[in-house]
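Engineer:
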Amino acid sequence: FTQFPGMPKWRKNDLTYRVVNYTQDLSRDEVDSAIEKALKVWAEVTPLTFSRIYDGEADIMISFAFREHGDYIPFDGPGNVLGHAYAPGPGINGDAHFDDDELWTKDTTGTNLFLVAAHELGHSLGLFHSADPKALMYPLYNSFTDLARFRLSQDDVNGIQFLYGPPPASPADPKVPTEPSHQESETPPASCDPALSFDAVSTLRGEILFFKGRHVWRKSLRTAEPELYLISAFWPALPSGLDAAYEVTSKDTVFAFKGNQFWAIRGLEMQAGFPKSIYTLGFPATVKKLDAAIFVKEKKWTYFFAEDQYWRFDEKKQVMEAGFPRKISEDFPGVEKVDAAFEAFGFFYFFNESSQLEFDPNAKKVTHTLKSNSWFNC
Amino acid sequence: HPLNGAARREDSGMELLQQYLENYYDLGKIVKQLVRTPGDSPVEKKIQEMQKFLGLKVTGKLDSDTLDIIRKPRCGVPDVGQ
Chain R
2 FTQFPGMPKW
12 RKNDLTYRVV
22 NYTQDLSRDE
32 VDSAIEKALK
42 VWAEVTPLTF
52 SRIYDGEADI
62 MISFAFREHG
72 DYIPFDGPGN
82 VLGHAYAPGP
92 GINGDAHFDD
102 DELWTKDTTG
112 TNLFLVAAHE
122 LGHSLGLFHS
132 ADPKALMYPL
142 YNSFTDLARF
152 RLSQDDVNGI
162 QFLYGPPPAS
172 PADPKVPTEP
182 SHQESETPPA
192 SCDPALSFDA
202 VSTLRGEILF
212 FKGRHVWRKS
222 LRTAEPELYL
232 ISAFWPALPS
242 GLDAAYEVTS
252 KDTVFAFKGN
262 QFWAIRGLEM
272 QAGFPKSIYT
282 LGFPATVKKL
292 DAAIFVKEKK
302 WTYFFAEDQY
312 WRFDEKKQVM
322 EAGFPRKISE
332 DFPGVEKVDA
342 AFEAFGFFYF
352 FNESSQLEFD
362 PNAKKVTHTL
372 KSNSWFNC
Chain P
3 HPLNGAARRE
13 DSGMELLQQY
23 LENYYDLGKI
33 VKQLVRTPGD
43 SPVEKKIQEM
53 QKFLGLKVTG
63 KLDSDTLDII
73 RKPRCGVPDV
83 GQ
């Protein structure tokens with residue numbers, strides 16, 4: 002990612018926008034909706050908010066125009082240039098112009114207004130073009146973008162957060178700790194740090210996710226190197242500093258826990274109806290947070306770990322099983338405290354600070370002691 | 003007359019390229035006349051800059067991949083500092 006020369010940015014977080022005129026290719030509602038959705042893309046990963054005004058000068062004036070349109074940078078008729086926008090600042094700065102010689106559509110049969118608007122509004126906020134072809138800020142229009150699964154690339158998120166920082170912590174529940182901790186520092190963690198520990202580990206559609214503060218490593222078994230991302234790049238509504246996460250493969254869903262709440266995600270989509278309270282799963286009120294969770298594919302049950310105890314949850318019946326909690330060390334000899342855990346190849350992997358234990362559930366014994374980042378090819 | 007046709011297509015591609023480099027890669031008008039100069043010309047450097055930025059194979063030449071890319075719809079903001 003890059004910024005404009007001189008790095009212009011808005012000096013306030015509450016910005017105004019105005020839709021000055023409309024294309025005839027779409028209804029007014031469709032234009033408004035595309036612009037709102039495009040602004041939301043950036044609002045979700047920054048502290049920026051956007052309020053619409055209907056008269057006067059807004060920070061971001063949005064208009065459709067043909068050929069020469071008053072800024073000495075004429076549009077070029079159908080094709081090639083689709084729009085342009087100006088870096089943050091007064092007057093024409095911050096404004097976004099769309100070439101009305103294009104056929105604007107809400108899908109990709111013509112030129113998708115949402116995609117172009119999201120890109121141009123990136124300029125309005127201070128982002129220059131990116132050389133990353135996966136980035137929204139790459140200069141070429143990509144008609145093959147999957148609109149249903151649209152998300153910013155990590156490069157876009159890094160760029161805009163370089164200018165404005167991340168969004169404020171979710172105010173959802175006052176019981177959820179929101180103070181920044183050492184795990185939530187701005188600096189991305191070093192994957193080969195021998196002291197590296199994880200907040201939570203889960204599988205996701207064949208990959209392994211290692212959560213740490215605001216970041217997540219994605220490790221595919223097909224590639225040697227893990228890829229580090231901001232959690233917010235994939236799931237803007239998910240909090241940082243997770244306590245536990247696990248994937249119920251039969252439901253194609255990852256459940257992520259923080260404090261006494263949990264969220265459900267399917268691929269890149271946050272599931273409706275969450276966060277829910279962990280007490281809806283059957284935990285006693287004495288449990289304030291979980292440490293780790295493992296879904297056992299074969300049995301369709303989930304182990305939840307908190308302090309030195311664990312519970313077993315029947316995913317088929319959706320009930321916490323009787324006879325729990327039990328002491329972790331009694332049923333998992335050699336395992337005392339668990340920060341994070343996941344199952345792979347029939348083994349359980351328990352993480353505690355910078356150590357990792359490979360546990361054979363059939364033999365009921367620890368088979369290997371590893372560094373926590375043994376999956377990172379360090 | 004296929005040779006003439008091919009030559010016309012090449013000319014049109016070069017014009018398009020020159021316009022693209024002027025619009026988005028800050029290719030000054032001063033080098034306009036050098037557009038056909040082989041070797042280490044400002045145009046070749048600008049083509050390389052463009053190819054590198056857009057993730058193309060860096061040849062410094064107007065090859066078919068480069069021509070395809072410059073014909074694609076895009077944002078009108080230049081790719082390099084103004």
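Chains as they are written, first to last, in this note's numbering: chain R, 2 to 379; chain P, 3 to 84. Cβ coordinates follow ideal geometry from the N, Cα and C atoms, glycine included.
Is there at least one Cβ from chain P nearer than 7 Å to valine 82/R's Cβ?
Structural biologist: Chain P, which has a Cβ nearer than 7 Å to the Cβ of valine 82/R, makes this yes.
Engineer: Tell me the DSSP bridge mates of glutamine 357/R?
Structural biologist: Partner(s): Phe352/R, Leu371/R.
Engineer: Which residues mark the beginning and the end of the beta strand (DSSP E) in which lysine 220/R is found?
Structural biologist: Start and end: 216 to 221.
Engineer: Would you call the segment 217 to 236 of chain R and the segment 125 to 143 of chain R touching, i.e. three or more CB-CB distances under 8 Å?
Structural biologist: No, because fewer than three Cβ pairs between the segment 217 to 236 of chain R and the segment 125 to 143 of chain R fall closer than 8 Å, the two stretches do not touch.
Engineer: Considering only the alpha carbon of each residue, which of Gly335/R, Phe5/R, Arg223/R lies closest to aspartate 361/R?
Structural biologist: Answer by Cα proximity: Gly335/R.
Engineer: Less than 7 Å between the beta carbons of tryptophan 302/R and aspartate 315/R, yes or no?
Structural biologist: Contact: yes.
Engineer: Near phenylalanine 306/R, which residues of its chain fall below 6 Å by C-beta distance, leaving aside the five closest residues on each side in sequence?
Structural biologist: Counting only Cβ-Cβ distances below 6 Å, and skipping sequence neighbours, we find Asp292, Ala293, Val339.
Engineer: Using C-beta distances below 7 Å, list every residue in its chain close to arginine 29/R, excluding the 5 sequence neighbours before and after it, in chain order.
Structural biologist: Once the five neighbours on either side are set aside, the close Cβ partners of arginine 29/R are Tyr23.
Engineer: Run through DSSP, which three-state label would glutamate 344/R get?
Structural biologist: The answer is strand: DSSP assigns glutamate 344/R an E or B state.
Engineer: Are the beta-carbon atoms of alanine 342/R and phenylalanine 199/R separated by less than 7 Å?
Structural biologist: No, the pair does not count as a contact, with Cβ atoms beyond the cut-off.
Engineer: Do we get a CB-CB distance below 7 Å when we pair aspartate 70/P with the residues of chain R?
Structural biologist: By this cut-off, aspartate 70/P is not an interface position.
Engineer: Here's the rule: buried if 16 or more other CB atoms are within 10 angstroms of the residue's CB, otherwise exposed. What is lysine 318/R?
Structural biologist: Exposed, by the Cβ-count rule.
Engineer: So which of Gln262/R, Lys38/R, Leu371/R, Leu269/R has the shortest CA-CA distance to glycine 283/R?
Structural biologist: Taking only the C-alpha atoms, the option nearest glycine 283/R is Gln262/R.
Engineer: Taking leucine 114/R and leucine 27/R to be in contact with their CB atoms under 8 Å, please state how far apart those CB atoms are, rounded to whole angstroms.
Structural biologist: At roughly 7 Å, the Cβ-Cβ gap stays under 8 Å, so leucine 114/R and leucine 27/R are in contact.
Engineer: Helix, strand or coil: how does DSSP classify serine 144/R here?
Structural biologist: In the structure shown, serine 144/R sits in coil (DSSP, three-state: anything other than H, G, I, E or B).
Engineer: On the premise that phenylalanine 67/R lies in contact with aspartate 101/R, defined as a C-beta separation below 8 Å, what is that separation, rounded to the nearest angstrom?
Structural biologist: Going by Cβ atoms, the distance from aspartate 101/R to phenylalanine 67/R rounds to 5 Å, so yes, they are a contact pair.
Engineer: Within 7 Å (strictly less), CB to CB, does proline 79/R reach chain P?
Structural biologist: Not an interface residue.
Engineer: Quickly, what does DSSP pair arginine 53/R with across the bridge? List them, please.
Structural biologist: According to DSSP, which records beta bridges pairwise, arginine 53/R is partnered with Tyr18/R.
Engineer: For alanine 86/R, return the contacting residues in chain P, with the cut-off set at a CB-CB distance below 7 Å.
Structural biologist: Result: Val79.
Engineer: Taking glycine 80/R as the reference, which of Trp105/R, Ile329/R, Ser125/R has the closest Cα?
Structural biologist: It is Trp105/R.
Engineer: Just mark glutamine 162/R as buried or exposed, buried being the case when its beta carbon has 16 or more other beta carbons within 10 Å.
Structural biologist: Buried, since its Cβ has 16 or more Cβ neighbours within 10 Å.
Engineer: Pull up the distance between the alpha-carbon of serine 330/R and that of serine 355/R, whole angstroms please.
Structural biologist: Using only the alpha carbons, I get a separation of about 19 Å.
Engineer: Can you pull the chain P residues whose beta carbon is under 9 Å from the beta carbon of tyrosine 142/R, in chain order?
Structural biologist: Here the neighbours are Lys74, Pro75, Arg76, Cys77.
Engineer: Got a sec: is the Cβ-Cβ distance from glycine 62/P to anything in chain R below 7 Å?
Structural biologist: Closer than 7 Å: no.
Engineer: Does glycine 57/P have its Cβ less than 7 Å from a Cβ in chain R?
Structural biologist: Chain R, which has a Cβ nearer than 7 Å to the Cβ of glycine 57/P, makes this yes.
Engineer: Taking only beta-carbon positions, decide if proline 89/R is within less than 7 Å of chain P.
Structural biologist: No - not a single Cβ of chain P is within 7 Å of the one on proline 89/R.
Engineer: For chain P, check one thing: does any of its Cβ atoms lie closer than 7 Å to the Cβ of alanine 132/R?
Structural biologist: For alanine 132/R, the answer is yes, since a Cβ of chain P falls inside 7 Å of its Cβ.
Engineer: With a threshold of 8 Å, are at least 3 pairs of Cβ atoms found where one atom belongs to the segment 222 to 241 of chain R and the other to the segment 15 to 33 of chain P?
Structural biologist: Taking 8 Å as the limit for Cβ pairs, the verdict is that the segment 15 to 33 of chain P does not touch the segment 222 to 241 of chain R.
Engineer: Can you tell me whether DSSP reads valine 158/R as helix, strand or coil?
Structural biologist: In the structure shown, valine 158/R sits in a helix (DSSP, three-state: H, G or I).
Engineer: Between which two residues does the beta strand (DSSP E) holding valine 249/R run?
Structural biologist: It spans 245 to 249 - the beta strand (DSSP E) in which valine 249/R sits, taken as one unbroken run.
Engineer: Reducing DSSP to helix, strand and coil, say where alanine 234/R ends up.
Structural biologist: Looking at alanine 234/R - three-state DSSP - the assignment turns out to be helix.
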